[in-house]
Amino acid sequence: MLSNLVMTIIGPDRPGLVQLVATTLVDHGGNWLESRMGHLGGQFAGIIR
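If you count the sequence shown from 1, you need to add 529 to reach my numbering.
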């Protein structure tokens, strides 16, 4: 059975952050279906499904 999960990320922005999240997701058998990312209150913010 497949599950849909939504992950919210918020924290200091830095080079390679999105790549690290994507690699971790794939390493655990996940698929990145869609996302929205930006800055919120001076921090990196992202929602991934």
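Where a beta carbon is used, it is the ideal one built from N, C-alpha and C, also for glycine.
Item to complete: Please go through the same chain and pick out, in chain order, the residues whose beta-carbon is closer than 7 Å to the beta-carbon of G540, but skip the five residues on each side of it.
Response: Closer than 7 Å at Cβ, skipping near neighbours: Q572 and F573.
Worksheet item: Is the distance from the Cβ of Q567 to the Cβ of I538 below 8 Å?
Response: According to the sequence as given, residue 567 is Gly; it is not Gln. Not a contact, by the Cβ cut-off of 8 Å.
Worksheet item: DSSP state of L569, grouped into three classes?
Response: strand
Worksheet item: Going along the chain, which residues of its own chain have a beta-carbon closer than 8 Å to the beta-carbon of V547, five neighbours each way excluded?
Response: M566 and G575
Worksheet entry | Limits of the unbroken beta strand (DSSP E) element including G540 | M536 to G540
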